[in-house]
Amino acid sequence: MRTQASTSELRQTDVAPRIGTVIETDVDTLLSGALAQDIRALLEQRGVIVFPRIGLTDEQQVAFTRTLGRIVEEGEGGIYKVTIDPLENPNAEFIKGAFYWHIDGTTADVPILASVMSARRLSPVGGDTLFANTYAAFDDLPPQEQEEFDQLRVVHMFETAQRYVRPEPSYDELRAWQRFEPNVLPLVWKHRSGRKSLVLGSTASHVEGMDLREGQALLTRLRDHATQDRFVYRHRWSVGDMVIWDNTGTMHKAEAYPADSGRMMHRTKLEGEEPFA
Ligand code: SIN
-8 MRTQASTSEL RQTDVAPRIG TVIETDVDTL LSGALAQDIR ALLEQRGVIV FPRIGLTDEQ
52 QVAFTRTLGR IVEEGEGGIY KVTIDPLENP NAEFIKGAFY WHIDGTTADV PILASVMSAR
112 RLSPVGGDTL FANTYAAFDD LPPQEQEEFD QLRVVHMFET AQRYVRPEPS YDELRAWQRF
172 EPNVLPLVWK HRSGRKSLVL GSTASHVEGM DLREGQALLT RLRDHATQDR FVYRHRWSVG
232 DMVIWDNTGT MHKAEAYPAD SGRMMHRTKL EGEEPFA
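Following this line, the structure appears as structure tokens:
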């Protein structure tokens, strides 16, 4: 279903009922900051915004990101290269964790607000990015479950996410993962706006105070629930596309692609503004 609204500067089209909007605009308008407030509001409502083939340079992507908030200083000049080619990124092995549903920053108390990612080179196979709306997933739970889950707390661990990629780590590898302390987060995030979202993903290890197997079954059932087609947008990239996602109200993952595929994404991030609560 597509619904369309337009002004002289901005044409927007919803690509799925519960998540994802395409904005068509030009580079100068984007960099002027004139749309920044509208983009922030839309991001919170729709979770994902796509700028098809906008073709920003690295400098323009950094400048655009700065119009939206405080940029995270990482990579070269704010640009982090998302690739699983070890020749291009020494942390390539960790990046394979992106093949599983996750929220960035679950080992911190204040996760990043959003990521901005643009496609520089594509993989001939795989490499789509999928996003799931965790506000909508909470909203669609039966009221009794919403109440039941409201006070549950979940232990998140970096090592839990890494085991998806490397199920049999060496002792040294495991100890390196364990340098990130476990973090206990609410299952239901009560945002300052009054909205609620589910906090799930590959770092979620178990539910505090619940039988281990029952807690893991619950987390798996909720992940299945939150990643049903009706909450998900799959972005099939073209070179030059740029996508922003609200890391506080979505989960995301990359469809697996080969290490030598050449896939290269350039990412900037916005600092978090609200702790998990
Ligand atoms: C990420 O998880 O931040 C990257 C997703 C992707 O490479 O599509």
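In terms of my numbering, the sequence shown is residues -8 to 268.
Just so it is clear, CB atoms sit at the ideal spot from N, CA and C, and this is done for glycine as well.
Own chain, CB closer than 7 Å to residue i, minus 5 neighbours either side, in chain order
i	result
I94	P102, V190, G192, N238 and M242
N124	R9, I10, G38, F222, G240 and T241
L165	E150
Q207	H197
Q169	E150
Residue i - DSSP class collapsed to helix/strand/coil
i	result
F171	coil
A32	helix
P134	helix
T125	helix
R111	strand
E67	strand
D163	helix
S23	helix
L39	The amino acid occupying residue 39 in the given sequence is Val; Leu does not appear at that position. If DSSP states are grouped into helix, strand and coil, V39 belongs with the strands.
Q(-5)	With a pLDDT of only 49 at Q(-5), under 50, the local geometry of the prediction cannot be trusted, and no value is derived from it.
D220	helix
R57	helix
Which listed residue (the options) has its alpha carbon closest to that of residue i
i	options	result
S184	A152, V116 and P266	P266
I75	G88, E67, P115 and G68	G88
V59	A27, Q169, S188 and G46	It should be noted that the sequence gives Leu, not Val, for residue 59. The shortest C-alpha separation from L59 is found at A27.
D232	G253, D202 and T48	T48
V198	A32, A167, F140 and R112	F140
I86	A245, G253, A268 and E264	A245
D19	P173, G46 and Q169	G46
A127	W236, D100 and T218	T218
A105	L209, G117, E138 and A32	A32
6 Å Cβ shell around residue i - same chain, five flanking residues per side excluded
i	result
T97	H147 and T194
E262	R61 and V63
E15	R2
S196	V146, M148 and T151
V73	M256 and R258
M108	V234, M256 and R258
Neighbourhood of residue i by C-beta, 8 Å cutoff - its chain only, sequence neighbours within 5 removed
i	result
V6	R(-7), T12, V13, V41 and Y224
Y71	E65, H257, R258, T259 and K260
R44	S229, V230, G231 and D232
D251	D76
Identity of the residues DSSP links to residue i by a beta bridge
i	result
V13	T4 and V41
I62	L261
S188	W180
Please write down, chain order preserved, every residue whose beta carbon lies under 5 Å from a heavy atom of the ligand SIN.
Taken from the N-terminal end onward, the list reads V73, A89, T120 and A245.
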